[in-house]
Each structure stands twice: as structure tokens, then as C-alpha cells.
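Note that the numbering used here has the sequence shown beginning at 2, numbered continuously upward.
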Amino acid sequence: MDAVGARRVIERAIADREVADVLAGRGLHVIAVGKAAAAMAAAFVAIPHLAIQQAIAIGTHEHAGLPSAVEWIESSHPFPDSRSETAGNRAIAVAERVHSGEALVILLSGGASALMASPVDGISLADKIDTTRRMMAAGADIHALNTVRRHLSRVKGGRLAAACAGTALTLAISDVVGDDLHAIGSGPGVPDTTTWSDAAAALGRFGGDAHSDRVRRVIRAGVAGDVPDTPKPGDPSLARATARVIGSRIDAMAGARAAAIERGYRPFVITEPITGEARTAGPAWFDRARTLIGSSPRQVCVISSGETTVRVTGTGTGGRSLEFALSIADAIASMPRGAAASFGTDGIDGSSGVAGGIVDSTTMTRAARAGLAPPGNYLAANDSLAFFAPLDDVVRLGRTDTNVGDLQVLLID
């Protein structure tokens with residue numbers, strides 16, 4: 002976790018010559034937004050040679066070390082509310098104060114889409130939330146959702162960076178598989194390649210006439226050219242905007258690998274992201290891990306990362322990492338001295354309140370002794386926490402002030 006901590010990644014970014022050149026000699030206006038906002042803001046303003054004019058941090062919880070010079074704005078996640086709109090409007094106000102000789106610095110991390118929301122003219126925040134929920138209920142994929150969300154926002158899809166007259170620099174901690182800067186926080190500091198026509202097609206495909214008249218009216222006006230589109234690559238408003246990922250799941254795996262070596266394990270790293278439905282991704286991952294270690298069954302560590310999904314059909318409490326771990330509880334029982342864990346690097350796994358879960362070669366024996374039902378019962382009810390909690394086999398990290406997706410680890414002593 003230290004490898005992707007806010008201070009570590011900020012210091013590493015500032016040491017980069019290209020980033021340093023953007024910041025040098027300019028008055029800086031800072032907007033930190035996302036789950037790591039407070040920690041990123043605290044790390045950034047602690048750098049002594051930067052000429053910071055103002056700084057705001059928009060997040061879910063205040064960092065204990067946040068300087069008084071940083072304006073703290075607590076907002077809502079995972080769903081936006083009135084605080085999110087207040088935060089979005091405040092961010093726009095900060096961006097609009099940036100003069101041509103100054104720079105806007107956007108410190109971005111996962112969760113920013115909900116934390117910073119400012120609807121375009123003609124619709125309300127309630128309209129935007131309703132649109133997102135209707136599209137999700139209709140089976141919309143993340144690309145379709147983001148296309149519509151960017152077009153219905155005054156801050157997403159490059160519009161926040163375009164609101165400033167100076168240079169814009171986005172430094173992002175990525176929770177997105179593939180590290181797509183357009184997807185992290187819906188890309189407030191980068192140009193958008195999708196159009197109003199794309200948004201109209203996505204809206205029609207997922208929900209159609211069920212969406213509010215106001216939302217459909219705004220999108221029709223955009224298609225007709227009556228409402229400006231999001232800034233595209235090459236748009237003059239973003240000519241001085243740059244962005245880079247400064248922390249990702251790759252860094253987390255590198256940190257885990259170094260820790261494994263330090264503790265005497267031989268590490269095996271799966272670089273491809275672990276994705277898909279958690280309860281099916283788990284067994285596939287476990288089979289791959291066993292193949293990977295081959296004839297080296299002792300003192301080995303398999304490390305991977307990514308982000309799985311959960312199709313919620315039950316009413317229980319859990320999350321994708323808990324379901325991932327639970328899905329291999331039976332299989333790992335045949336591996337003496339083996340233990341595996343999956344956890345969210347932000348410290349929060351679904352609705353569980355914990356980061357994830359651990360299973361080992363004794364899990365099923367202990368579960369039977371505790372009178373627990375088979376793992377499949379808990380998976381069917383999306384109630385994985387009810388299996389792990391009685392065994393005290395949950396991973397408790399608390400809020401980590403970073404977010405690079407999920408990490409999976411298999412250890413064999």
C-alpha cells in the first residue's frame with residue numbers, strides 16, 4: 002500500500018522533469034478530488050518550492066494531516082447528492098480564476114465522478130442521477146454511461162480544464178483497468194473523443210423514452226449544435242492541458258513483489274488484469290496461479306490485480322473481493338500451508354465495511370466447526386461477509402487514502 006500512497010506518488014511525479022517544468026515559476030491553483038483527495042492535497046502543498054495560490058480538496062473523509070490552507074469540501078460517494086453539486090460548482094470557480102500565466106493542477110483519484118457533479122444548463126442533478134440509474138438498470142456498459150455523464154456535466158470530459166485560461170495539469174491515481182485518463186473521474190482534465198451523437202445513441206439504447214424529457218431535450222439540442230460539445234483532441238481550450246497517471250495497480254504489484262522478496266518468498270506476478278464476475282474469476286485465477294508456480298510449491302507468492310464485478314441478486318452484505326476469496330475456499334483446502342487474499346486498495350469492499358477476505362487451507366474445516374453453510378449459499382445471497390466475519394478472516398485496512406483497484410495474493414509457505 003505504501004507503494005501507491007499519496008505522498009509517494011506525488012513526490013515521484015514532482016521529481017519528473019516534464020511535470021516540474023509545468024509547475025516551475027507559475028502560480029498554482031489546486032483541485033484535488035477523489036477518494037485520495039485529502040492525502041494528495043496534503044502531500045502536494047507540503048512541497049516547499051511550489052507557488053500555490055489556492056487549493057481545495059473534495060473527498061469522502063478529511064485527512065488528519067490536511068493543512069488549514071487547503072479548503073476541505075466533504076462530498077458524496079458512490080452516488081452524488083447536493084454536496085457533489087456544490088463541490089462541482091466550487092471547482093469550476095477555482096478553474097475560472099486561473100490566469101494565462103498560471104496553472105490549474107487537478108489531483109485526481111477514483112470516485113471523482115460522484116464527488117464532483119455540476120449538471121449542464123437545462124437539467125438538475127436529480128435528472129442526471131435518474132438517467133444514470135435508468136441506464137444501469139437497462140444494462141448499460143461503463144463506456145455508454147461515461148459518454149452520457151460527460152455530456153451532461155460542466156466539469157467532466159475536459160470541461161474543467163477548459164474553464165481555465167492557463168496551463169492545466171492532471172496527476173491521477175488510477176483505479177481504472179487500463180489506466181484510461183478519459184475514464185478516471187470521467188476525465189475532467191482531458192479531451193473527450195465522444196460526441197453528442199454518441200450520447201444520444203447511448204441514451205436511446207439504454208432506457209430510450211423512459212428518460213426525462215429535460216435530459217432528452219438537452220441531448221437533442223447538443224446533436225443539433227445548439228449546445229457546445231465537450232472539448233475534443235486539438236481543441237484550443239485544451240492546447241496547454243496535459244495529464245498523466247502517477248500511481249496504478251502496476252505500482253501496487255511492484256510494492257507487493259518487493260515485500261514478498263524481503264520476506265523470503267519467490268514472487269510470481271500476473272500482469273494481465275483480473276476482471277469479470279468475481280465468483281467465476283476466483284477459481285480461474287486459482288487454477289492459473291497453481292499452473293504458474295508449477296514445481297515450486299514452497300515459499301512462493303503469486304501477485305495480481307484488477308477489478309472484478311458482482312451481479313447483485315441477493316440481499317446480503319459483501320463485495321467483489323469477499324466473493325472472489327470465498328469462491329476459492331473449497332479449492333484451497335487441498336493446498337497445505339496455502340493462503341490467499343483479495344482486497345480493495347481503498348480499504349472498502351462493496352457494502353461490507355472491510356477491504357476483503359482471506360482463505361487458507363484450514364478455512365473449510367473451521368467453517369464447518371462454526372456451523373457455517375457451504376460457500377455457495379453465501380454467494381447466492383451476495384452475503385459473503387456473513388461467512389468471513391465469524392471466522393475473523395476479513396482484511397481490515399480502514400481508509401487507505403489511495404485507490405488502484407483490487408489486489409490478489411496467494412502465499413505458500
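Positions of the beta carbon are idealized from the N, C-alpha and C atoms, including for glycine.
Straight-line gap, residue i to residue j (C-alpha atoms, nearest Å)
i: Y379; j: G315; result: 9 Å
i: N383; j: A279; result: 11 Å
i: D210; j: A201; result: 11 Å
i: M2; j: L293; result: 24 Å
i: L392; j: R160; result: 49 Å
i: I333; j: S362; result: 5 Å
i: S110; j: D181; result: 12 Å
i: E12; j: S343; result: 28 Å
i: S198; j: G223; result: 8 Å
i: Y266; j: T61; result: 36 Å
i: E324; j: A118; result: 31 Å
i: P192; j: P229; result: 14 Å
i: V5; j: I74; result: 23 Å
i: V313; j: S385; result: 12 Å
i: L116; j: L126; result: 12 Å
i: F269; j: V303; result: 5 Å
i: V149; j: S322; result: 29 Å
i: S306; j: G320; result: 16 Å
i: F415; j: G358; result: For residue 415 there is no data in the structure shown, the boundaries of the chain being 2 and 414.
i: R27; j: G345; result: 37 Å
i: P298; j: D176; result: 32 Å
i: A203; j: P79; result: 22 Å
i: S154; j: L24; result: 28 Å
i: I251; j: H50; result: 30 Å
i: G89; j: V410; result: 38 Å
i: R367; j: P375; result: 12 Å
i: E220; j: D131; result: According to the sequence displayed, residue 220 carries Ile and not Glu. Rounded to the nearest angstrom, the two C-alpha atoms are 15 Å apart.
i: A184; j: T196; result: 15 Å
i: M336; j: I413; result: 8 Å
i: L408; j: R258; result: 12 Å
i: G354; j: V360; result: 18 Å
i: E331; j: M254; result: First, the amino acid is wrong: residue 331 is Asp here, not Glu. Taking the straight line from one Cα to the other gives about 26 Å.
i: S77; j: D17; result: 33 Å
i: R215; j: D142; result: 23 Å
Those residues which DSSP pairs with residue i across a bridge
i: S154; result: P120
i: I275; result: G307
i: T171; result: I107 and A244
i: G28; result: A52
i: P268; result: C302
i: D407; result: G307 and G345
i: V177; result: Paired residues: none, contrary to the question.
i: V34; result: I59 and L109
i: W73; result: A58
i: L412; result: C302 and A340
With 16 other Cβ atoms within 10 Å as the buried cut-off, status of residue i
i: S114; result: buried
i: D402; result: buried
i: R417; result: One cannot answer for residue 417 here, as it falls past the ends of the chain, which runs 2 to 414.
i: R264; result: exposed
i: S85; result: buried
i: H152; result: buried
i: G179; result: exposed
i: G339; result: buried
i: V301; result: buried
i: P81; result: buried
i: I262; result: exposed
i: I48; result: exposed
i: E273; result: exposed
i: E19; result: exposed
i: D394; result: buried
i: G406; result: buried
i: G208; result: buried
i: A310; result: One point to set straight first is that residue 310 is Thr, not Ala, in the sequence displayed. Its Cβ having fewer than 16 others within 10 Å, T310 is exposed.
i: H144; result: exposed
i: G140; result: exposed
Residue i beta carbon near the ligand GTP (any heavy atom closer than 7 Å)
i: G277; result: This structure lacks the ligand GTP; in fact it carries no ligand of any kind.
Return the chain-ordered ranges of every alpha helix (DSSP H) run that is complete within the stretch 321-397 and spans a minimum of 4 residues. 321-327, 330-333, 364-370, 376-381 and 386-389
Pairing CB atoms from the stretch 119-130 with CB atoms from the stretch 182-200, are three or more of them under 8 Å? no
Between the stretch 347-359 and the stretch 395-402, can you find at least three pairs of beta-carbon atoms closer than 8 Å? yes
Can you find at least 3 beta carbon pairs, one from the stretch 23-40 and one from the stretch 98-115, that sit closer than 8 Å? yes
Given 8 Å as the limit, is there contact between the stretch 87-96 and the stretch 151-169, that is, 3 or more CB pairs closer than that? yes
Let me know the alpha helix (DSSP H) ranges lying completely inside the stretch 84-144, each 4 residues or longer, listed in chain order. 113-116 and 126-138
Does the structure place the stretch 276-290 close enough to the stretch 240-247 that three or more beta carbon pairs sit under 8 Å? no
Do the stretch 55-64 and the stretch 124-137 touch if we need at least three Cβ pairs shorter than 8 Å? no
Determine contact between the stretch 41-52 and the stretch 64-74, defined as no fewer than three beta-carbon pairs at a distance below 8 Å. yes
Entirely within the stretch 185-222 and at least 4 residues each: give me those alpha helix (DSSP H) ranges in chain order. 197-206
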